[in-house]
Ligand SMILES: Cc1ncc(COP(=O)(O)O)c(C=O)c1O
């Protein structure tokens, strides 16, 4: 035996092992981006690819203060030095139940709430509890009713063929704006549907499905007992990254899923499921097998910030304005620099931390355009990574770019200027 691991060790991977160890969606591109940034050779890139939220000083202070309170409290040992319930830290569950009751009048109690280690893990649990093969061998689909959507959905199912996404309709708004709408003439929600899933506000597009659209999806799914998971990683009350009015919806088969990552705690891995008791019980048992429970430290500081109302207040007064202003910079810069005669369209900015640009009839692929943009020192994410589960070949998937609003206003303006020049040259050459 040697002390170091053998380089020759090459265990056979299972089907699931192969699938889960492959980089999917945006993670594959992130590898290229990280390598580009590392090999920048002095070139200052304007990085418009980041998904990591900006560290806002007021938000950091809130979490620091909550931590200081926890450290000084008698509860500290109980929180950090002990296992807890798989469902989550009781004071956090209670704080959320009360907060949603007060804000939205939801009649929920502790049996309607589950805390998970980040919301990505909850989609993994849900996708494999409600999507995939039943005992009878039937395939239950995970329906993404409006594609593009969050790239992270691409890897959540152990049965990849269960993930089915639908192409939306495109509504043109003025000369250079658009908005996606679910195409109800295409979306199939039927006896083969295990669950429905979408982000609202949406990463990457900033789209917010209307109340009517969400209600219609829930009504279509209800006769098939299929839960509808509303990924609310950017929704009110926290992080409150909606730039248009929206209210979280609750109903018989609606499952409201929160993430505290964009509210300043991505490192603590905190997701929250609010939904019918039967869904919570299934996911809780799955979670016990998977990881026992989420970190209690994060849960304890979140309980304080939610109970006091400070988190929801900061979401409104600091987090939302920060990103809403950045969207305005992107919008104004594109209007100023982009050639009016070319068919470019910015998705209506209704929320989240990204802008989504569609370059219709782009004479090259989004990946090639991404490589060209790198030549002028700008990095944005090619849009084709954001269509997980979409089976049909749709040229639109190769004509979009995701622009992160985490950069500074100066970087965004300069980035849009260089992007506009690149767009002009690209269309002119072909
Ligand atoms: C729409 C959406 N859902 C879920 C997640 C996962 O978030 P987390 O696991 O940090 O809660 C993200 C992360 O960026 C996201 O954008």
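Residue numbers (the numbering used here): -15 to 414. Ideal placement from N, C-alpha and C gives every residue a C-beta, glycine not left out.
- Using a Cβ-Cβ distance cut-off of 8 Å, the segment 318 to 329 and the segment 250 to 266 are not in contact, since fewer than three pairs of beta carbons, one from each stretch, lie closer than that value.
- With the rule of 3 Cβ pairs closer than 8 Å, the segment 101 to 117 counts as touching the segment 235 to 254.
- DSSP lists 149 as the beta-bridge partner residues of residue 374.
- Not a single heavy atom of ligand 1 lies less than 6 Å from the C-beta of residue 235.
- The beta carbon of residue 145 lies closer than 8 Å to those of 123 in the same chain, with the five residues before and after it left out.
- The alpha-carbon separation between residue 172 and residue 210 amounts to approximately 12 Å.
- Residue pairing by DSSP places residue 329 opposite 342 in a beta bridge.
- Rounded to whole angstroms, residue 327 and residue 106 show a C-alpha spacing of 39 Å.
- Approximately 18 Å separates the beta-carbon atoms of residue 31 and residue 336; this is outside 8 Å, ruling out the contact.
- Residue 164 is positioned such that its CB atom lies no closer than 7 Å to that of residue 204.
- The set of residues whose C-beta lies within less than 6 Å of a heavy atom of ligand 1 reads, in chain order, 35, 102, 103, 104, 134, 136, 183, 187, 215, 217, 243, 245, 250 and 255.
- In the three-state scheme derived from DSSP, where H, G and I count as helix and E and B as strand, residue 23 is classed as coil.
- Looking at the backbone, the Cα of residue 61 and that of residue 302 are separated by about 33 Å.
- In the three-state DSSP reduction, residue 215 falls in the strand class (E or B).
- In this structure, the beta-carbon distance from residue 311 to residue 389 falls below 7 Å.
- With contacts defined by Cβ atoms closer than 7 Å, residue 135 and residue 313 do not form a contacting pair.
- By alpha-carbon distance to residue 5, the top candidate from 121, 49 and 140 is 140.
- DSSP places residue 161 in the strand class (E or B) of the three-state scheme.
- If you draw a straight line from the Cα of residue 188 to the Cα of residue 332, it comes to about 12 Å.
- At the C-beta level, residue 226 and residue 166 stay beyond 7 Å of one another.
- Distance check between residue 232 and each of 177, 193 and 249 places 193 closest, using alpha-carbon atoms only.
- Its chain contains no residue whose beta carbon lies nearer than 6 Å to that of residue -3 once the 5 sequence neighbours on both sides are disregarded.
- In this structure, residue 219 lies away from residue 212, with their beta-carbon atoms at least 7 Å apart.
- Within the same chain, Cβ atoms closer than 8 Å to the Cβ of residue 309 are found at 393, the five residues on either side in sequence being excluded.
- The residue among 306, 386, -5 and 342 with its C-alpha nearest the C-alpha of residue 159 is 342.
- Taking 4 residues as the minimum length, the segment 229 to 270 contains no alpha helix (DSSP H) run wholly inside it.
- With contact defined as three or more Cβ pairs closer than 8 Å, the segment 275 to 292 and the segment 64 to 77 are in contact.
- Looking at the DSSP output, residue 124 bridges to 116.
- In this structure, the beta-carbon distance from residue 360 to residue 406 falls below 7 Å.
- Put simply, the backbone Cα of residue 258 is about 28 Å away from that of residue 57.
- The DSSP assignment places complete alpha helix (DSSP H) segments of no fewer than 4 residues inside the segment 8 to 79 at 9 to 22, 41 to 56 and 60 to 64, in order along the chain.
- As a beta-bridge residue in DSSP terms, residue 182 pairs with 214.
- The Cβ-Cβ distance between residue 142 and residue 0 falls below 7 Å.
- Cβ neighbours of residue 114 within its own chain (closer than 6 Å, five residues either side excluded): 178 and 179.
- In this structure, DSSP gives residue 388 an extended state, which the three-state scheme calls strand.
- Judged by DSSP in its simplified three-state form, residue 366 adopts strand.
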